[in-house]
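Numbering (my numbering), first residue to last: 324 to 401.
Built from N, CA and C at the ideal position, the CB exists for glycine as well.
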């Protein structure tokens, strides 16, 4: 199964956040939630508060989303 996540990213400026969209492959939504809680740049809030939205998507949308992730300079800083 493929999922789209909208998460609140941190490490921008104190008190500010960045909305990032990530695409994950997992067995079910609970696995996605567990994986995303250890995601770098995720705003660490109580009870997964940094995760705004999780939605199951098609394989095609997942592939398009992964391509967008590779071009996002915020997610791919070295």
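Residue i: CB within 8 Å of a non-hydrogen atom of the ligand PLP
{"i": "residue 345", "result": "The ligand PLP is not among the ligands present in this structure, which contains no ligands whatsoever."}
Candidates the options, of which the one nearest residue i by Cα
{"i": "residue 358", "options": "327, 391, 394 and 390", "result": "327"}
Under 9 Å between C-beta atoms of residue i and residue j
{"i": "residue 324", "j": "residue 344", "result": "no"}
{"i": "residue 385", "j": "residue 342", "result": "no"}
{"i": "residue 379", "j": "residue 346", "result": "no"}
{"i": "residue 365", "j": "residue 388", "result": "no"}
Own chain partners of residue i with C-beta closer than 8 Å, once the 5 adjacent residues on each side are dropped
{"i": "residue 395", "result": "343"}
{"i": "residue 381", "result": "325"}
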